[in-house]
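The sequence shown runs contiguously to residue 77 in the working numbering.
Ideal placement from N, C-alpha and C gives every residue a C-beta, glycine not left out.
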Amino acid sequence: MIVALVNIGSETEQIEYKKSIGELKEAMFSIAAILNKHQKGELYFGVKNDGTVIGQEINDTTIW
Numbered sequence: 014m015i016v017a018l019v020n021i022g023s024e025t026e027q028i029e030y031k032k033s034i035g036e037l038k039e040a041m042f043s044i045a046a047i048l049n050k051h052q053k054g055e056l057y058f059g060v061k062n063d064g065t066v067i068g069q070e071i072n073d074t075t076i077w
């Protein structure tokens, strides 16, 4: 899956990238807009807007 992400490149109307789970609120607005317009979409965390995979560290306090 990560190899496929690297080949996708930038965000599209149906693909949204967020650098971290810290952008969860913004991500929810984005995915709602995508789904309203296209009825399907993809949301990835740990990826910069240009498609560069930077990873996401997850631990017990990530979303708290």
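Q69 is a Cβ neighbour of G59, given a cutoff of 8 Å. In the three-state reduction of the DSSP assignment, E39 falls in the helix class.
Remark: C-beta atoms of K61 and Y30 approach each other more closely than 8 Å.
Here DSSP, grouped into helix, strand and coil, assigns K53 to coil. Going by DSSP, E29 is part of the beta strand (DSSP E) stretching over 28 to 31. Rounded to whole angstroms, the separation of the alpha carbons of D73 and G64 is 27 Å.
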